[in-house]
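Just so we're aligned, residue 319 is where the sequence shown starts under the working numbering, counting upward by one. Every residue gets a Cβ at the ideal spot worked out from N, C-alpha and C, and that includes glycine. Structure, as structure tokens:
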Amino acid sequence: MSPSLRTCLAASPLPRLEFQMLWQQVLGVSRAWLLAHDTDPLSPAALAAYQVLEARRVAGEPMAYILGHREFWGRDFQVTPAVLIPRPETEFLVECALNAIADTAGPHVLDLGTGSGIVAISIALDRPDAQVQATDLSLDALKIAQMNARSLGAKLLFSHGNWYDSQLGSKRYHLIVSNPPYIDAQDTHLVQGDLRFEPVTALTDGADGLDALRCIVQGAPGHLLPGGALCVEHGWDQAAPVRTLFQTMGFIAVASLRDLAGIERITWGRWPA
Ligand SMILES: C[S@@+](CC[C@H](N)C(=O)[O-])C[C@H]1O[C@@H](n2cnc3c(N)ncnc32)[C@H](O)[C@@H]1O
319 MSPSLRTCLA
329 ASPLPRLEFQ
339 MLWQQVLGVS
349 RAWLLAHDTD
359 PLSPAALAAY
369 QVLEARRVAG
379 EPMAYILGHR
389 EFWGRDFQVT
399 PAVLIPRPET
409 EFLVECALNA
419 IADTAGPHVL
429 DLGTGSGIVA
439 ISIALDRPDA
449 QVQATDLSLD
459 ALKIAQMNAR
469 SLGAKLLFSH
479 GNWYDSQLGS
489 KRYHLIVSNP
499 PYIDAQDTHL
509 VQGDLRFEPV
519 TALTDGADGL
529 DALRCIVQGA
539 PGHLLPGGAL
549 CVEHGWDQAA
559 PVRTLFQTMG
569 FIAVASLRDL
579 AGIERITWGR
589 WPA
């Protein structure tokens with residue numbers, strides 16, 4: 319007799335929620351449908367498709383890559399192994415960015431290292447009057463970001479390059495925002511858990527974890543309008559050195575914001591008007 323979802327769950331090494339999410343993907347149905355049909359016989363083709371996904375998950379591959387999408391700031395973004403998986407703490411970066419331009423009509427915004435485009439696209443959709451430009455060194459990441467912009471109906475400009483060397487010309491911005499790679503290259507977490515599957519260039523700057531942040535903060539005055547803001551995400555222990563970088567460059571009103579866990583995750587400041 320063909321097995322049902324109920325008998326498969328009893329034999330599955332996965333937690334119930336992940337089991338259900340993979341079956342939703344295989345059958346293209348809602349969670350409610352799965353619960354209502356948990357004794358229906360499963361087809362051999364569906365079982366074979368599920369087993370491929372389950373094996374990937376058992377090997378440690380993140381759910382977001384297996385499912386191909388992840389929710390961020392209330393919207394669904396496509397993700398592939400070419401991009402960092404959106405993190406909940408990055409929603410604080412979007413919040414900080416939106417606050418920084420709240421009083422600016424038609425703001426010009428630059429997102430450095432856009433990855434899947436979550437930050438730039440969220441800003442563009444929440445502020446339709448903004449002109450948002452998103453850059454990345456990875457062409458594969460830019461393709462995903464462009465795909466997300468298209469499917470979510472966001473209009474922005476994409477450019478390829480190394481931080482500020484991304485065909486920005488002489489344009490200046492009301493806001494520069496970035497979630498750069500900030501993990502120390504020696505950090506052993508890079509070879510553990512989900513991080514093993516993410517692009518290494520999205521995680522670490524190949525140095526002490528502050529290299530990309532230094533480049534972004536030190537280059538910002540040359541690309542900000544007077545009174546413009548810079549908002550960056552950083553590691554749990556980097557707030558103090560990042561504030562010092564901002565202050566050394568001459569930023570004012572420099573502050574770090576805490577995430578829900580009470581950790582200083584975002585630092586921002588204004589370029590004097
Ligand atoms: C931590 S990920 C952030 C991605 C996305 N903004 C997010 O929050 O999910 C850092 C991004 O910076 C990009 N990146 C790394 N080095 C870069 C460089 N030198 N210039 C531009 N982008 C770079 C990576 O390709 C990656 O997409």
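Quiz item: Got a sec? Which residues, its chain only, sit under 8 Å from His313 by beta carbon, not counting five neighbours each side?
Solution: The shown model of the chain, from 319 to 591, leaves out residue 313, and the question about it has no answer.
Quiz prompt | Backbone CA spacing between Thr585 and Asp394 [nearest angstrom] | solution = In the sequence shown, the residue the question calls residue 585 occupies position 267. In the sequence shown, the residue the question calls residue 394 occupies position 76. CA-CA distance, Thr585 to Asp394, rounds to 26 Å.
Quiz item: From Leu332 to Asn466, what does the alpha carbon distance come to, in whole angstroms?
Solution: In the sequence shown, residue 332 corresponds to position 14, counting from 1. In the sequence shown, residue 466 corresponds to position 148, counting from 1. In a straight line, the C-alpha of Leu332 is about 29 Å away from that of Asn466.
Practice problem: Please work out which residues of its chain come closer than 7 Å, Cβ to Cβ, to Ser574, disregarding the five sequence neighbours upstream and downstream, and give them in chain order. | Solution: The residue labelled residue 574 in the question sits at position 256 within the sequence shown. Excluding positions up to five away in sequence, the list reads Ala557, Arg561, Glu582, Ile584, Thr585.
Quiz item: Under the DSSP definition of a beta bridge, which residues are partnered with Glu582?
Solution: Taking the sequence shown and counting its residues from 1, one reaches residue 582 at position 264. Arg576.
Quiz item: Could you give the uninterrupted runs of the beta strand (DSSP E) lying entirely in the stretch 407-493, keeping only those of 3 residues or more?
Solution: 426-430, 449-454, 475-478
Quiz item: When DSSP labels each residue in this structure, what does Glu637 get in the three-state scheme?
Solution: Residue 637 lies beyond the residue range present for the chain, which begins at 319 and ends at 591; the question has no answer from this structure.
Quiz item: Near Trp391, which residues of its chain fall below 6 Å by C-beta distance, leaving aside the five closest residues on each side in sequence?
Solution: The residue labelled residue 391 in the question sits at position 73 within the sequence shown. Same-chain partners within the cutoff: Glu409, Val412, Ser440.
Self-check item: Segment contact flag, the stretch 543-552 with the stretch 516-525, C-beta cutoff 8 Å, min 3 pairs
Solution: no
Self-check item: DSSP bridge partner residues for Phe569 (one or two, in chain order)
Solution: Here the question's residue 569 lines up with position 251 in the sequence shown. Phe569 is not bridged to any residue.
Exercise. In the DSSP assignment, find the unbroken beta strand (DSSP E) run with Val546 in it and report its ends.
Key: Position 228 of the sequence shown, counting from 1, holds the residue named residue 546. The sequence given here places Gly at residue 546; Val does not occur at that position. Per DSSP, Gly546 belongs to the beta strand (DSSP E) from 542-551.
Practice problem: Pair every Cβ in the stretch 367-379 with every Cβ in the stretch 416-425, then say whether three or more of these pairs are closer than 8 Å. | Solution: The answer is no - the stretch 416-425 does not touch the stretch 367-379, with fewer than three Cβ pairs under 8 Å.
Exercise. Alpha carbon to alpha carbon, how far is Pro539 from Ala373? Give it in angstroms, no decimals.
Key: Reading the sequence shown from its first residue, position 55 is the one you call residue 373. Reading the sequence shown from its first residue, position 221 is the one you call residue 539. About 49 Å.
Quiz item: Under a three-way DSSP split, which group does Gly537 fall into?
Solution: Translated into positions along the sequence shown, residue 537 becomes position 219. Correct three-state label for Gly537: helix.
Quiz prompt | Simplified DSSP state of Gly359, which is helix, strand or coil | solution = Translated into the one-based positions of the sequence shown, residue 359 becomes position 41. According to the sequence as given, residue 359 is Pro; it is not Gly. It is a strand residue.
Self-check item: Residues near Cys533 in its chain [Cβ-Cβ closer than 7 Å; skip 5 each side]
Solution: Working through the sequence shown from its first residue, we reach residue 533 at position 215. For Cys533, where only same-chain residues beyond five positions count, the Cβ hits under 7 Å are Trp481.
Quiz item: Using CA coordinates, which residue listed in Ala442, Asp483, Ser484, Leu327 is at the minimum distance from Gln472?
Solution: Numbered from its first residue, the sequence shown carries residue 472 at position 154. Per the sequence shown, residue 472 should be read as Ala rather than Gln. Ranking Ala442, Asp483, Ser484, Leu327 by Cα distance to Ala472 puts Ala442 first.
Quiz item: Using the rule of at least 16 other Cβ atoms within 10 Å of the residue's Cβ for burial, across every protein chain shown, is Ala438 buried or exposed?
Solution: Reading the sequence shown from its first residue, position 120 is the one you call residue 438. Ala438 is buried by the Cβ-count criterion.
Exercise. Quick one: residues in its chain with C-beta nearer than 6 Å to the C-beta of Asp526, no 5 flanking neighbours on either side, listed in chain order?
Key: For the purposes of this step, residue 526 is identified with residue 208 of the sequence shown, where counting begins at 1. Residues of the same chain with a CB within less than 6 Å of the CB of Asp526, apart from the 5 flanking positions on each side, are Asp502 in chain order.
Self-check item: Any non-hydrogen atom of ligand 1 within 8 Å of Phe480 CB
Solution: Residue mapping note: residue 480 aligns to position 162 of the sequence shown, counting from 1. Reading off the sequence, residue 480 comes out as Asn, not Phe. True, at least one ligand heavy atom lies under 8 Å from that Cβ.
Self-check item: Check whether Ala459 and Ala415 have beta carbons under 9 Å apart
Solution: Indexing the sequence shown from 1 puts residue 459 at position 141. Indexing the sequence shown from 1 puts residue 415 at position 97. Not a contact, by the Cβ cut-off of 9 Å.
Exercise. Check each candidate in Leu470, Leu430, Leu474 and name the one with the smallest Cα separation from Ser456.
Key: The sequence position of residue 456 within the sequence shown is 138, counting from 1. Answer by Cα proximity: Leu430.
Practice problem: Apply the 10 Å Cβ neighbour rule to Pro499 and answer buried if 16 or more other Cβ atoms are within range, or exposed otherwise. | Solution: Translated into positions along the sequence shown, residue 499 becomes position 181. Pro499 comes out buried.
Quiz item: Run through DSSP, which three-state label would Gln396 get?
Solution: As a first step, residue 396 must be located in the sequence shown, where it is residue number 78. Strand.
Quiz prompt | Cβ-based neighbour list, Ile570, same chain, cut-off 6 Å, excluding 5 preceding and 5 following | solution = Looking up residue 570 in the sequence shown gives position 252. Arg588, Pro590.
Quiz item: What residue does the alpha helix (DSSP H) around Glu336 start on, and which one ends it?
Solution: As a working mapping, residue 336 is identified with position 18 in the sequence shown. Residues 334-345.
Practice problem: Please look up how many angstroms separate the CB atoms of Tyr368 and Leu428, rounded, as I've assumed it's under 8 Å. | Solution: Here the question's residue 368 lines up with position 50 in the sequence shown. Here the question's residue 428 lines up with position 110 in the sequence shown. The Cβ separation is near 43 Å, so there is no contact.
Quiz item: Where does Arg405 sit, in a helix, a strand or coil, going by DSSP?
Solution: In the sequence shown, the residue the question calls residue 405 occupies position 87. In this structure, Arg405 counts as coil in the three-state DSSP scheme.
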